[in-house]
Amino acid sequence: MPLELCQLALRQTLDLITLTDDTLRDLTRRKFSSDELYNEVLGKLLGGNGRRGPSGILIANEGPDATCCNGQVFHLRDERLLERSEAISIEPGSSYAGSLLLVEGGAEVVALNWNDICANIGEFQSFFHPKVVEAMGEPILNFVSCRISGDVKGVIEAFNYQGRVTEYDADVLRSAAVMIGSLLTVSNGMRETEHAFTYTIQALARACEAAEPDTGRHIVRVNRYAGALAANMGFNNEFVNDMSISAQMHDVGKIRIPTEILLKEGRLTPREMKLIRQHPAYGSEIIGDSPRLRIAREIALSHHENWDGTGYPKRLRGERIPISGRIVKVADVYDALRSRRSYKGAMTHEEALHVFRNGDDRINPAAHFDPAVLAAFFRIEHMFEMIFDSSILKLGFDRAVTPTDSK
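In my numbering, the protein residues as written are 3 to 409.
Printed below as a string of structure tokens:
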């Protein structure tokens, strides 16, 4: 193989190594879908712009019980955009399965040129599914096919390298197949772990439900309000997702507050109020110092702080209050106003808006809320109404009975 082609193959392999490293780093922040990963990998493999590579790639995944192999052909268009064919289904027992390595005892990787095994190019086309040939838009002259192992089993098949396909091309494709199989397996495992993590958070947030009715609906609504506010304020997806999970932890400290205080009818005595105002600090202690729960801890500790510094427990002022706490404060107060309590009735959405604009004997909007968060609330107040009403309708109730969050 000429030195230039060796260098191009090496460059592709280095690109795949870099992508692997970047993907592993990114997996700590989000989970790759197969489509996202395929787009990243294929962008490194497909030829053009001075790169050695195929003009098209088929990725096919085994169906349930290996009854079929479903895939699509990808092309590079306009230097960057990956264009894909319609779905193609290939039966393992068909005459087209040989090139897909689905036959029993098939090789791990195969690299062939048409004149290695056929008398003419037309005969070579019979190895491939007609829809694959159609998607390529040109006769297939050579190919490399390699198994994808791991949780998502399948095959990656690359067509029409410039000139003859070589063992170096096969090595590059094998590297891509190993990367796809490994990273999707890791991502699937992390997704399962994330599901378990989220369930654990929800279980902890619901821990005080035995003492306070309707906590489950309340924490779901506050999650959704907080996520909507964060998204409307222009925060990135990572922060929005964290808010949509972490907001439900805001009152976890109430686990340590006696039930008779939480459910007391009427106003609390000064001693009782002093005790219940410890629940943010209790929540912070319960959540602990895990980096993964940093935002949840911020919210638990700061969602009762006021913009003017008159809140609790630390009397933080202005931007010294974490933005996560400022967002959840608005979400929590709205839900408290809309909900019936042991000492008050539930407000309509319009009545709650009036309080957010003009205040009442307990709430001073200008003093209590971050102006930027308050402005975002008024931009999407209709979403708050829909979230609250859908929560009630879904469970068949015409009113909410929620915990004493505004105490």
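No residue lacks a Cβ here, since even glycine has one placed at the ideal position from N, Cα and C.
Check each candidate in Thr312, Ser326, Val75 and His356 and name the one with the smallest Cα separation from Gln250. Ser326
Can you give me the start and stop residues for the beta strand (DSSP E) that Ile150 sits inside? Asn144 to Ile150
Can you tell me which residues form a DSSP beta bridge with Cys71? Glu64 and Ile92
Tell me which same chain residues have a C-beta within less than 7 Å of the C-beta of Glu106, skipping the five on either side of it? For Glu106, the predicted model reports a pLDDT of 44, less than 50, meaning its position is unreliable; a value from the coordinates is still stated below. Excluding positions up to five away in sequence, the list is empty.
Straight-line gap, Ser91 to Tyr40 (C-alpha atoms, nearest Å): 18 Å
In whole angstroms, give me the CA-to-CA distance for Val335 and Ala378. 15 Å
Can you check whether the CB of Ala160 is closer than 8 Å to the CB of Leu143? no
Among Phe76, Cys71 and Glu383, which residue has its Cα nearest to the Cα of Leu44? The shortest Cα separation from Leu44 among Phe76, Cys71 and Glu383 belongs to Phe76.
Label Gln164 either buried or exposed according to how many other C-beta atoms from any shown protein chain fall within 10 Å of its C-beta, with 16 as the threshold for buried. exposed
Verify whether the separation of the beta carbon atoms of Ile203 and Ile257 is less than 8 Å. No. Outside cutoff.
Can you tell me the Cα-Cα spacing of Val254 and Leu295, whole angstroms? 13 Å
In three-state DSSP terms, what is Lys346? strand
Euclidean distance between Cα positions of Ile371 and Val180: Before going on, a small fix: residue 371 reads as Phe here, not Ile. One C-alpha to the other measures close to 52 Å.
Give me, in chain order, the residues of the same chain whose beta-carbon lies closer than 6 Å to that of Met385; leave out the 5 immediate sequence neighbours on both sides. Ala230
Say yes only if the C-beta of Gly165 is nearer than 7 Å to one or more non-hydrogen atoms of the ligand FAD, and no if none qualify. Looking for the ligand FAD in the displayed structure turns up nothing, as the structure carries no ligands at all.
How big is the Cα-Cα spacing for Lys46 and Asp171? Going by the C-alpha atoms only, they are around 13 Å apart.
Gly55: first and last residue of the uninterrupted beta strand (DSSP E) it sits in: Neither: Gly55 is in no beta strand (DSSP E) and is coded neither H nor E.
Limits of the alpha helix (DSSP H) - the one that Val335 falls within: Ile325 to Arg340
Determine the burial state of Phe380: buried for a count of at least 16 other Cβ atoms within 10 Å of its Cβ, exposed for fewer. Looking at its Cβ environment, which holds fewer than 16 other Cβ atoms inside 10 Å, Phe380 is exposed.
Specify the secondary structure class of Met245 as computed by DSSP and reduced to three states. helix
Looking only at its chain, what residues have a beta carbon closer than 6 Å to the beta carbon of Ser286, apart from the 5 residues adjacent to it on each side? Closer than 6 Å at Cβ, skipping near neighbours: Arg299, Ala302 and Leu303.
For Ile150, which residues of its own chain have a beta-carbon under 7 Å away from its beta-carbon, when the five flanking residues on both sides are left out? Gly156, Val157, Ile158, Ala179, Ile182 and Gly183
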